[in-house]
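For reference, the structure discussed in these notes is given below.
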Amino acid sequence: MSTDLVYNTNSKQISLDESIGTSDISDATNTNIRQINKLTTAIIAESNPNFTPQPSDNLSKMIKSMFETGIKNLKQNKMQEALKNISLALEMSQRKRAPYEAFQIQLQDMQFMLRQKIDIELILGKNLDAIQDLDMLLNTGMLDPELFLRKTDAYLKLKQYKLAISDCERGLSLFPANPKLRVMLLEAKRRFADYNGDI
Amino acid sequence: MPQSYDYDEGSETWPFFMLTLLLTVLIPMTLMQIWKLTGKTETEDEKVLKVNNSKSVMNKLDDKYTDSSIVTFRDKYNNSINNVFSAKNGLIIVGWICVSVLIQIINSNESIAKSAMGTFDPYEILGVTVSSTEKEIKKAYRNLSLKFHPDKLDRNLSEKERLSMEEIFVQISKAYEALTNPATKENYLLYGHPDGPQSQIHGIALPSFLVNGSLMAKIVIFAYVSLLSIGLPYLVRNWWVKTRSYTKNNIHVETASYFVDRMINYKPSEILTVKLIVSWLSHSKEFRIYYPTLTAADFERLLLAHINREKVDKSERDIQYRIVAKCHTLINGLVAIACGFRNMDIASAALDTFKCIMQAVPDSKYSEILQLPNVNKDHFIENSEDIFTVGKLFTLDDKKIGKVLGISDEELLKDTLAVASNIPFLRLLKAEFKVPGEKNVITGSIPYISLKILVHSARQKVISEKKFPEKYLEDDEDFETIKDPYSNLQTIPLTTYSFSPYFPAKRRSDWVCLIGLQKDNKIIQTPVTIDRLSFKNLNNEFDKRLITEINDKNFNPEEWDIAKINIPLGQPAPNEKGTAFFKVVIKSADYFGPDLEFTMKMDVIDPPPFEEKEEIYEDDSEDNESGESDGEESEEESEDDNDSDYTDIDTDTEDEDEDN
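Those sequence lines, one after another, are chains A and B. So the number in the numbering used here is just where the residue sits in the first sequence, counting from 1, plus 799. So the number in the numbering used here is just where the residue sits in the second sequence, counting from 1, plus 148.
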């Protein structure tokens, strides 16, 4: 790879020389530059040279308060506001937290907030966003019958009956006794048959 | 033993040598060819035709809708097969011409006739047969000697004639002696001459000009040396390099390594689209071998143009056809590699991409309808009214279908409906795990997947598995099927050619079966291709618009073919008892729509209690004692042998006890 990197002495950030066409740069390079910049920013803010993975209390408080505002909005039935606040809280935890903060805690935080976000998205009918977030949650190793139920529901609303059945069956094979999933599967199968004109 | 040979000077022997050499090759070849021409061997195609009458429908329509440029492209590659046959016939004809020429040479060659004369045959000289008695021989000899005896010869004969007559008389008396005198007769039988062994001359059947002609000899030696030192090493090297550069899946190693690289660097956050898979495909080494001047971007553009049915430049059309036709092998390789990486998403995305390439339809919710011929795309997308599947389409009556698809011509609509109703859809009737010879799946056993599938058309009314009596869904339980559960597959006919007027090659429909675990949604084994299925059911009239209810009057289970497919499971059952869930995905490689995806439950139980087993072992040991000398060959039995060692010891002590 060429070394056409530019270092900004004021912001201490590195960036690629703009004279090269963006098409030549691989995704991996871009990602790496972004990660390095994030690390730099975090270290500048960090006073302790021997920093620990202890999460910053300040930031946690801020994120928590923002999340709680979102929940308050939810109780007042202000869905749009609630979604906005929770998304902001999520974004903040993603952006502002240093990469070396404890992964366990970051992950738990993220999963907890994301679940709330998904519920609101489903209420608002943002099914595609909800499915993306659900995939994210499932891929981080969180397996819960409720998640499969929500995913099936979202797919049904999007008329993706095949995917709905597939996810519902997966949920059922992980939690065979779940009555809600059983009902959902029957419904998905019925709708799929209708979609195929088999009724 | 050093020995010098006489080469064939007068072309006496080599024509015979060549003749036999030719005939040993020609006769079997000719017989085979004649057998083939008159023969009763039916090719696989004819067998398929016999079972699936629908073949002709799809095939005719495929021919009708295929572009003429594709037809010429197909012919170019099909001809090579026909040429082989005509070349074989040509070889046979040339061979027989050579034979007749050789026979001509032999007949016209004087030295051959002369040497044939030179042999000594006492029977011929005396004019008797082999079966003649001694009396007859004596009589013949007397007659001849009266005629040729030197004393009885005419005095007026010239000196020369006299000599030849005397010669004949010597021959006659020699011949007589050879047949009557026991000593000379033995000589004759042993050495072929009454005077005992003649001097032997060793000859070789090669013509002498090959060795003695100074120019020819040089040419022969030169040819030998060049063949051994250049030709052979070169050919072997080429063959070796070629076989080394292709994987078992028949894709180039560089392509395979590129795919593996993609697989390793694949981020789960990346969304798998047809475009992504096409861009992977366009980096294949195969394409660059065909067209070294083009780049991956060119190939990607051509493949996408094919999928979107865009016109390309005439000069590029052959390139496009060639790379599109190659895609099948590449996708198969990619699927196999994805299975190796246990990635379900990539494997199914690759198979979806192949559908797009096969039907030249981009992947969208409309693609199941758009794969049909004559559909007016814009009109349909505007008026689709919630119809996205062929099955739903057939809930409308024919006129309405024409309206929805934007087909006003009745003939064209008829073709479209014929294609739509001949697309083979699969319906799962029964799926279970089986262990050969067992009722249940036992811990650590090796089960296989047994599927009962009903091939049906989207036009037909759904028949649930309950409509079929139990016996239609049961496997044969004879010893042959227990021994090899996959043997029955060979009795199922091959599938017919699929309707794919935009695909440059003709392909039989097939299905790829991926098997994964529900626990982590990962593939557990290599893909299995199902290419044997009977499409007989597609001919059944069972229109869902006419039949409101399935009853005994309109439904006869005898008329429906149920495919029994057994798929090997790549791994043994778990070692603990419990339930495992598997995900089985059966994807059609040709059409949008007929995919199957279902979950299979494997209930693993512990083997029957141990005490029972002990009894069995004791029985075994008794058997061993009674007939130890019996050769026990099967593996299972030899395993039992190991176990019975212990019981042997036990019984020994018992014996001792008894003795004491």
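For glycine and all other residues, C-beta sits at the position ideal for the given N, C-alpha and C.
Residue i at chain B interface by Cβ criterion, 9 Å
i	result
A/R981	no
A/M912	no
A/A992	yes
A/S892	no
A/D997	yes
A/K837	no
Whether residue i touches residue j by CB criterion (9 Å)
i	j	result
B/P675	B/V483	yes
B/L662	B/V610	no
B/K503	B/S512	no
B/D154	B/G361	no
A/D981	B/T747	Before going further, note that residue 981 of chain A is Arg rather than Asp in the sequence given. No. Outside cutoff.
B/E481	B/N413	Residue identity check: residue 481 of chain B is Gly in the sequence provided, not Glu. Going by C-beta atoms, B/G481 is not nearer than 9 Å to B/N413.
A/L957	A/M983	no
B/K667	A/L973	yes
Element boundaries [alpha helix (DSSP H), containing residue i]
i	result
A/Y806	Note, A/Y806: premise wrong, no alpha helix (DSSP H); beta strand (DSSP E) at L804 to N807.
B/W162	W162 to T186
B/H476	K462 to G488
B/V567	E558 to N570
B/A711	Counting along the chain, B/A711 falls outside any alpha helix (DSSP H), though it belongs to the beta strand (DSSP E) covering I710 to P716.
B/K578	That residue, B/K578, is in no alpha helix (DSSP H); its beta strand (DSSP E) goes F573 to K582.
A/F948	Note that residue 948 of chain A corresponds to Leu in the displayed sequence, not to Phe. Looking at the DSSP string, the run of the alpha helix (DSSP H) that includes A/L948 is P944 to K956.
Nearest candidate by alpha-carbon position, reference residue i, set the options
i	options	result
B/D738	B/L450, B/G238, B/G664 and B/M506	B/M506
A/V805	A/A827, A/S825 and A/I832	A/I832
A/R894	A/E880, A/Q910, A/K837 and A/F866	A/K837
B/S432	B/V422, B/A404, B/P572 and B/I175	B/A404
A/L912	A/M935, A/L980 and A/A901	What sits at residue 912 of chain A in the sequence shown is Met, not Leu. That would be A/M935, whose Cα lies nearest to the Cα of A/M912.
B/E558	B/Q468, B/N522 and B/G585	B/N522
B/G488	B/G664, B/F165 and B/W162	B/G664
A/T840	A/Y899, A/S965 and A/L962	A/Y899
B/M750	B/P595, B/A453 and B/T168	B/P595
B/C475	B/A444, B/E434, B/T220 and B/P440	B/E434
B/A453	B/M411, B/G379, B/I437 and B/A508	B/A508
B/L170	B/V242, B/K462, B/Q319 and B/K295	B/V242
CA-to-CA distance, residue j to residue i, given in whole angstroms
i	j	result
A/T946	A/L933	Going by the sequence as given, residue 946 of chain A is Leu instead of Thr. If you take the alpha carbons of A/L946 and A/L933, they lie about 7 Å apart.
B/L420	B/A497	7 Å
B/S657	B/D679	7 Å
B/D624	B/Q468	48 Å
A/L971	B/L478	35 Å
A/A953	B/Y225	49 Å
A/N809	A/D826	26 Å
B/N687	B/N531	30 Å
B/V205	B/A566	8 Å
B/S556	B/G550	6 Å
B/V368	B/L185	41 Å
B/N702	B/D743	28 Å
B/Y339	B/C246	35 Å
First and last residue of the uninterrupted beta strand (DSSP E) at residue i
i	result
B/D747	Note that residue 747 of chain B is Thr in the sequence shown, not Asp. Per DSSP, B/T747 belongs to the beta strand (DSSP E) from L744 to I753.
B/G726	G726 to S736
B/E325	Taken as a continuous stretch (DSSP letters only), B/E325 belongs to no beta strand (DSSP E), being part of the alpha helix (DSSP H) at E307 to T328.
B/T677	V676 to I678
B/P355	G351 to P355
B/V603	Y596 to H604
B/Y155	D154 to D156
B/I535	Per DSSP, B/I535 belongs to no beta strand (DSSP E) and is neither H nor E.
A/S814	Q812 to L815
Minimum Cβ-Cβ distance from residue i to chain A less than 9 Å
i	result
B/G550	no
B/P510	no
B/Y541	Reading the sequence as shown, one finds Leu at residue 541 of chain B and not Tyr. Taking Cβ atoms only, chain A reaches closer than 9 Å to B/L541, which makes this a yes.
B/F489	no
B/I764	With a pLDDT of 49 at B/I764, under the threshold of 50, the modelled position of that residue is not reliable, and the figure given next carries that caveat. No, B/I764 lies away from the interface with chain A (no Cβ there is under 9 Å from its Cβ).
B/A606	yes
B/N669	yes
B/P722	no
B/V373	no
B/P416	yes
B/T727	yes
B/Q666	yes
B/E745	yes
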